[in-house]
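As structure tokens, the structure follows; a few thoughts come after it.
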Amino acid sequence: MQFLGKHNGSFDFIFVDADKDNYINYHKRLIDLVRIGGLIGYDNTLWNGAVVAPPDAPLRKYVRYYKDFVLELNKALAADPRIEICQLPVGDGITLCRRIS
């Protein structure tokens, strides 16, 4: 992963719309690539409303499967002191993370 060290702090904006089960791994790698003051955007962070649905809610199989990964990401972002976050309730949700340290 030479790319990561070589380009740390090089990006102003990164947008992630990928496999939800790896969002945490993307965040761990991308936080170093975005400059302080830069943004990382994560798509689908409300995941069809499933993140606030009761456990017995009737959800499609794929929505139920990825729900826990999206919840894990949301909790990790909220606890990450290197960023400030803003979650936008547009579509399936977009979370913007501004790197502050």
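For any residue, its number in this note's numbering is found by taking its place in the sequence shown, counting from 1, and adding 759.
Ideal placement from N, C-alpha and C gives every residue a C-beta, glycine not left out.
### Per-residue DSSP class, three states only, for V793
strand
### Query
To the nearest angstrom, how far is it from the Cα of V822 to the Cα of L789?
25 Å
### D802 vs V829 beta-carbon contact at 8 Å
no
### Query
When the distance is taken between beta carbons, is I799 closer than 8 Å to E714?
Look at the range of the chain in this structure, 760 to 860, and you will see that residue 714 is not part of it.
### Query
Does the region 802 to 819 touch the region 840 to 860, meaning 3 or more C-beta pairs lie closer than 8 Å?
yes
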